[in-house]
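Input: a single structure, listed below in structure tokens.
2 protein chains.
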Amino acid sequence: MEDDEWEPPKILLAVDLVILTLRETRLQVLLVKRGIEPYLGAYALPGGFLFDEHEDIEAAARRELSEEAGLADVHLEELGVYGEPGRDPRGRVVSVAYLAIAPSLPEPIAGTDAADACWMSVEDLLSGRVGLAFDHHRIIGDGIERARVKLEHTALATAFCGETFTISDLQQVYEAVWGVRLDPRNFYRKVKGARGFIIPVGSLQRPENGRPARLFKAGPVRVLHPPMARSTSVPPEAQVTREGGVRS
Amino acid sequence: MEDDEWEPPKILLAVDLVILTLRETRLQVLLVKRGIEPYLGAYALPGGFLFDEHEDIEAAARRELSEEAGLADVHLEELGVYGEPGRDPRGRVVSVAYLAIAPSLPEPIAGTDAADACWMSVEDLLSGRVGLAFDHHRIIGDGIERARVKLEHTALATAFCGETFTISDLQQVYEAVWGVRLDPRNFYRKVKGARGFIIPVGSLQRPENGRPARLFKAGPVRVLHPPMARSTSVPPEAQVTREGGVRS
DNA sequence: GGGCCTTCCTGTCGATCTGACAAAAAGCTA
DNA sequence: TAGCTTTTTGTCAGATCGACAGGAAGGCCC
Numbered sequence: 001m002e003d004d005e006w007e008p009p010k011i012l013l014a015v016d017l018v019i020l021t022l023r024e025t026r027l028q029v030l031l032v033k034r035g036i037e038p039y040l041g042a043y044a045l046p047g048g049f050l051f052d053e054h055e056d057i058e059a060a061a062r063r064e065l066s067e068e069a070g071l072a073d074v075h076l077e078e079l080g081v082y083g084e085p086g087r088d089p090r091g092r093v094v095s096v097a098y099l100a101i102a103p104s105l106p107e108p109i110a111g112t113d114a115a116d117a118c119w120m121s122v123e124d125l126l127s128g129r130v131g132l133a134f135d136h137h138r139i140i141g142d143g144i145e146r147a148r149v150k151l152e153h154t155a156l157a158t159a160f161c162g163e164t165f166t167i168s169d170l171q172q173v174y175e176a177v178w179g180v181r182l183d184p185r186n187f188y189r190k191v192k193g194a195r196g197f198i199i200p201v202g203s204l205q206r207p208e209n210g211r212p213a214r215l216f217k218a219g220p221v222r223v224l225h226p227p228m229a230r231s232t233s234v235p236p237e238a239q240v241t242r243e244g245g246v247r248s
Numbered sequence: 001m002e003d004d005e006w007e008p009p010k011i012l013l014a015v016d017l018v019i020l021t022l023r024e025t026r027l028q029v030l031l032v033k034r035g036i037e038p039y040l041g042a043y044a045l046p047g048g049f050l051f052d053e054h055e056d057i058e059a060a061a062r063r064e065l066s067e068e069a070g071l072a073d074v075h076l077e078e079l080g081v082y083g084e085p086g087r088d089p090r091g092r093v094v095s096v097a098y099l100a101i102a103p104s105l106p107e108p109i110a111g112t113d114a115a116d117a118c119w120m121s122v123e124d125l126l127s128g129r130v131g132l133a134f135d136h137h138r139i140i141g142d143g144i145e146r147a148r149v150k151l152e153h154t155a156l157a158t159a160f161c162g163e164t165f166t167i168s169d170l171q172q173v174y175e176a177v178w179g180v181r182l183d184p185r186n187f188y189r190k191v192k193g194a195r196g197f198i199i200p201v202g203s204l205q206r207p208e209n210g211r212p213a214r215l216f217k218a219g220p221v222r223v224l225h226p227p228m229a230r231s232t233s234v235p236p237e238a239q240v241t242r243e244g245g246v247r248s
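Line order of the protein sequences matches chains U and E.
Residue numbering for the first sequence follows UniProt numbering, beginning at 1 and increasing consecutively.
Residue numbering for the second sequence follows UniProt numbering, beginning at 1 and increasing consecutively.
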């Protein structure tokens with residue numbers, strides 16, 4: 001700590017967003033096709049640099065959330081910092097990654113200024129090599145892992161649903177994020193046993209197929225007790241592979 | 001995203017360290033007395049700016065860990081980003097906070113270039129108002145909360161212990177971090193039941209008082225199953241207040 | 001050595017929680 | 001009304017948890 005002439009470096013700060021949602025029972029992440037170098041034409045996470053020296057970091061994340069995905073009032077939490085030297089060929093860029101959870105809404109992607117935004121299945125992304133820009137593949141992996149863990153201990157799953165939802169809707173969230181199939185009877189009992197997790201609203205849901213389901217809304221509790229333990233064993237069908245089918 | 005003349009801002013990047021350890025059954029955090037403005041003379045977390053534009057952020061954290069606390073090879077994980085405009089009166093500074101866990105070693109603080117480093121009890125810090133520089137009070141709170149949660153689900157507790165330890169040592173970690181008293185019999189059963197958490201080494205420990213205790217070392221498992229549930233109820237003595245005494 | 005202290009370790013019991021089922025309830029379609 | 005679907009309520013055995021009893025293994029003092 002000499003007082004001489006040393007000056008600490010100033011560095012470019014960016015935000016990147018891992019926006020997860022459920023579409024047709026599949027977990028999907030929002031990607032945008034890059035319109036500038038580097039990685040021109042490659043898919044990347046939505047994000048960008050701080051606007052000016054006075055913009056708050058989370059405010060920048062919400063701004064990008066609105067600009068690039070047309071989303072507001074969704075769950076948003078910090079995921080981590082990605083700042084290895086060399087991760088951006090333009091020079092030193094430190095990126096703060098955020099995890100956002102969006103409910104499956106009627107209109108898929110509205111108000112995106114870059115029309116090159118699209119939802120991509122997390123399954124395809126993690127297994128089949130889809131080349132992404134920068135270290136965004138790793139960021140997405142970390143984001144999904146975060147979501148998986150938080151589904152166990154917190155009420156995060158309700159962020160995937162709309163204002164009201166059925167217990168089956170909630171089960172689809174758990175199945176998609178964890179990539180497993182769950183027993184509906186036990187899931188039902190467990191969810192209702194977690195105090196403060198969900199609150200019944202009076203009404204029922206349009207039964208497209210079977211018995212009408214009761215509707216619930218998110219409860220006040222953030223930490224689940226007892227937790228939704230991710231069990232080691234799964235029903236005969238085992239892991240979910242693709243398609244909701246599983247017609248044995 | 002105009003291509004005009006706009007240039008993203010460059011910002012000062014710092015690291016701050018929440019270094020936790022156990023000293024005489026109490027959870028303590030390392031603080032240093034500031035030698036420069038702002039907050040001259042106030043206690044603050046160890047930390048500092050990146051050395052140059054090419055230093056990795058975690059490397060900077062390890063450098064500070066070594067320089068200011070004389071520690072190496074301790075558990076270190078990212079805690080979060082603290083970057084609100086205005087948190088540093090000098091201008092915009094974004095700080096990446098890290099959580100470090102140090103075992104209770106023989107020599108308390110060695111090799112600190114700032115001799116103004118000292119351990120402070122977390123209890124005193126969180127309850128009695130001890131003014132800290134910047135937003136470091138909040139960072140410490142977040143660090144302790146992180147430690148509390150991770151003690152439940154991961155093998156983080158072993159990071160507070162040395163190479164080998166007894167189950168009682170481990171229990172002291174849980175009691176100090178959670179601020180509760182635990183039943184030794186149930187704790188023993190639970191720890192031994194968590195598969196891969198601890199591995200017995202053959203020997204016993206010098207019994208200063210009672211029956212010699214078996215020694216263990218940390219196991220390979222990072223995620224505990226079953227977890228060490230933080231129960232709602234506690235033995236009659238209730239919360240730990242101060243002092244190991246509890247002589248009724 | 002014999003009490004008596006301490007702490008460590010093993011075990012027991014009832015309450016709670018979990019996973020694997022059965023079966024009833026409540027809609028739709030034919 | 002029969003048959004199909006999905007939701008909801010149970011049942012039952014096994015795992016786990018908190019509260020506690022009691023034996024094991026040292027040291028200390030007489």
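For every residue, glycine included, the Cβ atom is placed at its ideal position computed from N, Cα and C.
Being a predicted model, the structure only gives us computed values, none of them experimental.
Tell whether a beta-carbon distance below 8 Å holds between residue i and residue j.
i              : j              : result
V74 (chain E)  : G47 (chain E)  : no
V180 (chain U) : L27 (chain U)  : no
A61 (chain U)  : L17 (chain U)  : yes
E53 (chain U)  : I11 (chain E)  : yes
T154 (chain E) : R222 (chain E) : yes
T102 (chain E) : I19 (chain E)  : This sequence places Ala at residue 102 (chain E); Thr is not what is there. For A102 (chain E) and I19 (chain E), yes; Cβs fall inside 8 Å.
S95 (chain E)  : L22 (chain E)  : no
Q164 (chain U) : V191 (chain U) : The sequence given here has Thr at residue 164 (chain U), not Gln. Cβ distance not < 8 Å, so T164 (chain U) and V191 (chain U) don't count as in contact.
R146 (chain E) : L79 (chain E)  : yes
V173 (chain U) : D116 (chain U) : no
F134 (chain E) : R87 (chain E)  : yes
L45 (chain E)  : A69 (chain E)  : no
I140 (chain U) : Y82 (chain U)  : no
L99 (chain E)  : E77 (chain E)  : yes
Per the DSSP calculation, residue i is bridged to which residue(s)?
i              : result
T154 (chain U) : U:V223
F165 (chain E) : E:F216
I11 (chain U)  : E:I11
G47 (chain U)  : U:D16
V96 (chain U)  : U:V15, U:V81
K33 (chain E)  : E:Y43
I57 (chain E)  : DSSP lists no partner for I57 (chain E).
I199 (chain U) : U:K217
Helix, strand or coil for residue i per DSSP?
i              : result
G80 (chain U)  : strand
H136 (chain E) : helix
W119 (chain U) : strand
R26 (chain E)  : strand
I101 (chain U) : strand
L125 (chain E) : helix
S66 (chain U)  : helix
L204 (chain U) : strand
Q239 (chain U) : Model confidence at Q239 (chain U) stands at a pLDDT of 43, short of 50, so the residue's coordinates are unreliable; what they give is reported in the following sentence. Coil.
By Cβ distance, which residues of its chain are closer than 8 Å to residue i, with the 5 residues on each side in sequence left out?
i              : result
A229 (chain U) : E152
E84 (chain E)  : D135
A42 (chain U)  : K33, R34, G131, L132, A133
Spatial neighbours of residue i within its chain, please: CB distance less than 6 Å, with the 5 preceding and 5 following residues excluded, ordered by chain position.
i              : result
Y188 (chain U) : I167
S121 (chain E) : R26, Q28
L40 (chain U)  : R34
R242 (chain U) : Residue placement at R242 (chain U) is flagged as unreliable, the pLDDT there being 36, under the threshold of 50; the coordinate-derived value follows with that caveat. Contacts found: none.
A194 (chain E) : L224
L156 (chain E) : K150
Once the 5 residues before and after residue i are set aside, which same chain residues still bring their CB inside 7 Å of it?
i              : result
D124 (chain U) : V130
S231 (chain U) : none
G196 (chain E) : G219, P220, V221
G205 (chain U) : Position check: residue 205 (chain U) holds Gln in this sequence, whereas Gly was assumed. Once the five neighbours on either side are set aside, the close Cβ partners of Q205 (chain U) are T166, P212, A213, L215.
I144 (chain E) : V122
Q171 (chain U) : L182, P184, F187
R90 (chain E)  : P38
D142 (chain U) : L79, G80
C118 (chain E) : L31
(request) Check each residue of the UniProt domain "Nudix hydrolase" (10-146) of chain U: if its Cβ is closer than 7 Å to any Cβ of chain E, include it; give the result in chain order. (result) K10, I11, L12, L13, F49, L50, D52, E53, H54, D56, I57, E78, G80, V81, G83, E84, P85, R92, V94, V96
(request) Anything in the stretch 168-189 of chain U with a Cβ closer than 8 Å to a Cβ of chain E? List those residues in chain order, please. (result) Correct list: empty, as no residue qualifies.
(message) So if I threshold CB-CB distances at 7 Å, which residues from the stretch 211-223 of chain E count as touching chain U?
(response) none
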